[in-house]
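The end of the sequence shown is residue 654 by this note's numbering, with every number in the run present.
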Amino acid sequence: MESRFNISEDLYTAMHKCIRCGQCVYGNEDARFSPMQIKAKYFTYSAGGIMQIARAIYEGKMGFSEPLRDLLFHCTTCGACEINCGVIGSQVDLFTLLKRELAKNGIPLLEPHKSIVENVLSKKNIYEGNLPGRTDWLSDEEKESMSSNPEVFYHVGCISSYMEKEIPNAFVSVLTKLEIPFAINNDEWCCGAPLYFAGYEEETYDLAKHNVEAIEKSGASKVVFTCPTCAMIFKNYYPRWVKRPIKFEILHATEFFERLQDKGKLKLGPIGTRKTVTYHDPCHLGRGQGVYDAPRRILNAIEDLDFKEFSLSRENSLCCGGGGLVPTGFPDFADDLARIRVSDMKNMGADLLVTACPACKENMKIAVKKLKRGAKVSDITELIDQALQ
Ligand code: SF4
Ligand code: SF4
């Protein structure tokens with residue numbers, strides 16, 4: 266039988282190991298953790314379903330098509346299937362390979378995704394139009410305070426540089442208060458996640474090289490991220506994309522702050538108003554990097570927060586819909602997922618929804634506005650800035 270695409274041995278094995286058991290759909294009895302099942306409750310809309318399609322294409326029994334593209338781009342890359350599948354763990358990489366093959370087989374990207382890819386390739390960020398400078402959110406004083414011998418290099422990411430600017434402002438404010446020397450690259454480039462998740466892996470290589478060289482040149486021993494997707498991409502993909510080991514340490518902000526907390530350097534008091542708070546695990550921080558405890562330890566240290574856990578949390582957290590280019594390709598589906606999160610949060614009596622990701626914050630803020638349920642969404646770094654003693 267004719268093979269319809271090139272595949273690594275590992276992914277070939279993974280594809281053939283799928284036994285259609287459906288565990289990726291049903292998980293721990295509560296099927297709501299599987300985002301695509303919220304779109305459509307049949308097997309095609311699941312990791313196992315896509316695995317079977319991949320096999321059929323590989324065996325020449327079916328071809329690439331626009332409906333298959335739309336199915337693949339409903340995957341938020343949340344990784345819930347990888348955690349719950351007892352057999353394989355590389356579903357998202359296989360789906361990304363299929364996306365690459367879509368382009369090779371003449372299936373065009375959806376228009377909004379095409380724009381994102383073109384923007385990253387030409388302007389090194391995801392957005393349309395003429396934008397201000399990447400670090401224009403910094404005050405002149407903060408720009409001058411940047412160190413030529415930094416302890417920390419801060420990679421800001423596209424969403425925070427241009428949209429969710431309160432997050433980098435809070436992060437820099439905390440570093441400044443703690444007198445930690447830091448640097449930011451005025452010529453930072455997109456980390457490459459949007460290209461990778463659109464199926465354009467080779468096009469990420471220049472981005473990775475540029476970002477890695479700038480950090481190495483700064484002499485910083487660690488790079489810290491407030492965006493978990495950027496951090497996950499640096500940790501899990503950059504060694505492959507730059508074809509050598511990464512010399513500096515890669516930490517999400519919550520990991521970095523937890524360390525400071527352990528050393529007694531991050532002392533948190535109250536934020537000033539008593540609130541019932543819950544924490545939404547960003548998929549690329551939790552399942553993507555295994556960081557679950559650090560944000561909870563930080564939130565529990567803030568004196569006037571009463572912490573309540575979502576029933577779907579940690580490994581079984583439900584994606585907010587903000588990943589995998591879903592908000593641009595299928596905004597209504599992204600919104601449906603975010604609304605579930607916001608409704609659950611209100612139903613459990615919380616009035617503050619905290620996350621640790623600019624994409625989650627952006628997506629859930631839209632849902633809060635549409636649901637008119639009087640909730641607030643904040644990034645954990647903003648709360649740390651408010652509670653810092
Ligand atoms: S992807 Fe894993 S959990 Fe899903 S059907 Fe296949 S073997 Fe089962
Ligand atoms: S990564 Fe998430 S959205 Fe994609 S198939 Fe797996 S569970 Fe579904």
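Here a beta-carbon is modelled for each residue, glycine too, at the ideal position from N, C-alpha and C.
This one's a predicted model, so the numbers in the text were calculated from it and none came from an experiment.
Contact test: GLN302 Cβ vs ligand 1 heavy atom, cutoff 7 Å: The residue given as residue 302 occupies position 37 in the sequence shown. Every heavy atom of ligand 1 is 7 Å or more from the Cβ of GLN302, so no.
Pick from LEU375, LEU618, PRO623 that is closest to LYS641, judged by C-alpha positions: Translated into positions along the sequence shown, residue 641 becomes position 376. Nearest option by C-alpha distance: LEU618.
Contacts around MET266, its chain only, beta-carbon distance under 7 Å, and the 5 residues preceding and following it disregarded: If you number the sequence shown from 1, residue 266 lands on position 1. Since pLDDT at MET266 reaches only 46, below the 50 mark, its modelled position is unreliable, and no value is offered.
Check whether GLU376 and GLU627 have beta carbons under 8 Å apart: Translated into positions along the sequence shown, residue 376 becomes position 111. Translated into positions along the sequence shown, residue 627 becomes position 362. No. Outside cutoff.
Of the residues ASN581, ASP616, ALA615, HIS545, the one placed nearest GLY587, counting alpha carbons only: Here residue 587 corresponds to residue number 322 of the sequence shown, with the count starting at 1. Minimum Cα distance to GLY587 is reached at HIS545.
Neighbourhood of VAL507 by C-beta, 7 Å cutoff - its chain only, sequence neighbours within 5 removed: Your numbering for residue 507 matches position 242 in the sequence shown. Only ALA473, LYS474, VAL477 meet the Cβ criterion.
Delimiting residues of the alpha helix (DSSP H) encompassing TYR544: For the purposes of this step, residue 544 is taken as the residue at position 279 of the sequence shown. Here TYR544 belongs to no alpha helix (DSSP H); instead the beta strand (DSSP E) covers 540 to 544.
GLN554 CB to nearest heavy atom of ligand 2 below 7 Å: Translated into the one-based positions of the sequence shown, residue 554 becomes position 289. No; taking the cut-off as 7 Å, the Cβ of GLN554 has no heavy atom of ligand 2 nearer than that.
Cβ contact check for the segment 479 to 488 and the segment 399 to 410: 3 or more pairs under 8 Å: no
Contact the segment 365 to 383 vs the segment 312 to 331: 3+ CB pairs below 8 Å: yes
Sub-8 Å separation of ARG552 and GLU580 beta-carbons: If you number the sequence shown from 1, residue 552 lands on position 287. If you number the sequence shown from 1, residue 580 lands on position 315. Against a cut-off of 8 Å, the Cβ pair of GLU580 and ARG552 comes out as a contact.
Cβ-heavy atom distance, GLN356 to ligand 1, below 7 Å: On the sequence shown, position 91 is the one that residue 356 refers to. GLN356 Cβ: within cutoff of ligand 1.
Neighbourhood of CYS456 by C-beta, 6 Å cutoff - its chain only, sequence neighbours within 5 removed: Residue 456 sits at position 191 when you count from the first residue of the sequence shown. If we look at CYS456 and ignore the five residues flanking it on each side, its Cβ neighbours are CYS495, ILE498.
Simplified DSSP assignment, three categories, for GLU453: For the purposes of this step, residue 453 is identified with residue 188 of the sequence shown, where counting begins at 1. If DSSP states are grouped into helix, strand and coil, GLU453 belongs with coil.
Which of helix, strand or coil DSSP assigns to HIS420: Position 155 of the sequence shown holds residue 420. It is a strand residue.
Integer Cβ distance of ASP571 from VAL542, believed to fall under 8 Å: Reading the sequence shown from its first residue, position 306 is the one you call residue 571. Reading the sequence shown from its first residue, position 277 is the one you call residue 542. Rounded, the Cβ-Cβ distance is 7 Å, consistent with contact.
Contact test: MET316 Cβ vs ligand 1 heavy atom, cutoff 7 Å: Locating residue 316 in the sequence shown gives position 51, where the first residue counts as 1. At least one heavy atom of ligand 1 is nearer than 7 Å to the Cβ of MET316, so yes.
Touching by the beta-carbon criterion (3+ pairs, under 8 Å), the segment 387 to 399 and the segment 355 to 371: no
Other residues of its chain near ARG638: CB distance less than 6 Å, five sequence neighbours each side excluded: By 1-based counting over the sequence shown, the position of residue 638 is 373. Correct list, in chain order: LYS611.
Contact test: CYS255 Cβ vs ligand 1 heavy atom, cutoff 7 Å: Shown here, the chain extends from 266 to 654; a query on residue 255 therefore has no answer.
Residue range of the unbroken alpha helix (DSSP H) whose run includes LYS512: Sequence index remark: in the sequence shown, residue 512 carries index 247 (1-based). It is not in any alpha helix (DSSP H) - LYS512 carries neither H nor E in the DSSP assignment.
Proximity test, GLY344 beta-carbon vs ligand 2 heavy atom, cut-off 7 Å: Residue mapping note: residue 344 aligns to position 79 of the sequence shown, counting from 1. GLY344: yes, Cβ under 7 Å from ligand 2.
Residue range of the beta strand (DSSP E) that includes ASP644: By 1-based counting over the sequence shown, the position of residue 644 is 379. First-last of the beta strand (DSSP E) with ASP644: 641 to 644.
Helix, strand or coil at MET266 according to DSSP, with G and I counted as helix: On the sequence shown, residue 266 is found 1 positions in, with the first residue counted as 1. Annotation note: pLDDT 46 at MET266 (below 50); position unreliable, coordinate value reported separately. Looking at MET266 - three-state DSSP - the assignment turns out to be coil, as it is neither helix nor strand.
Inter-residue spacing [alpha-carbon to alpha-carbon] between LEU550 and ALA559: In the sequence shown, residue 550 corresponds to position 285, counting from 1. In the sequence shown, residue 559 corresponds to position 294, counting from 1. When rounded, the distance between both Cα atoms is 11 Å.
For VAL591, three-class secondary structure by DSSP: Indexing the sequence shown from 1 puts residue 591 at position 326. Helix at VAL591.
Where the alpha helix (DSSP H) through THR441 begins and ends: Against the sequence shown, residue 441 aligns to sequence position 176. Looking at the DSSP string, the run of the alpha helix (DSSP H) that includes THR441 is 431 to 442.
Cβ-Cβ separation, THR361 to LEU336 (assumed contact under 8 Å), whole Å: Locating residue 336 in the sequence shown gives position 71, where the first residue counts as 1. Locating residue 361 in the sequence shown gives position 96, where the first residue counts as 1. Not confirmed; about 14 Å, so no contact.
Of the listed residues LYS364, ALA435, GLU466, ASN434, nearest to HIS235 (C-alpha basis): As shown, the chain starts at 266 and ends at 654. That puts residue 235 outside it, with no answer to give.
Outcome for ALA321 when other beta-carbon atoms lying within 10 angstroms are tallied against a minimum of 16: Taking the first residue of the sequence shown as position 1, residue 321 is located at position 56. ALA321 should be labelled exposed.
Residues sharing a beta bridge with THR620, DSSP: Position 355 of the sequence shown, counted from the first residue, corresponds to residue 620. THR620 pairs with ASP644.
Rounded C-alpha distance that separates THR278 from MET316: Residue 278 sits at position 13 when you count from the first residue of the sequence shown. Residue 316 sits at position 51 when you count from the first residue of the sequence shown. For THR278 and MET316, the distance between alpha carbons rounds to 11 Å.
Buried/exposed call for THR538, threshold 16 Cβ in 10 Å: Working through the sequence shown from its first residue, we reach residue 538 at position 273. Classification for THR538: exposed.
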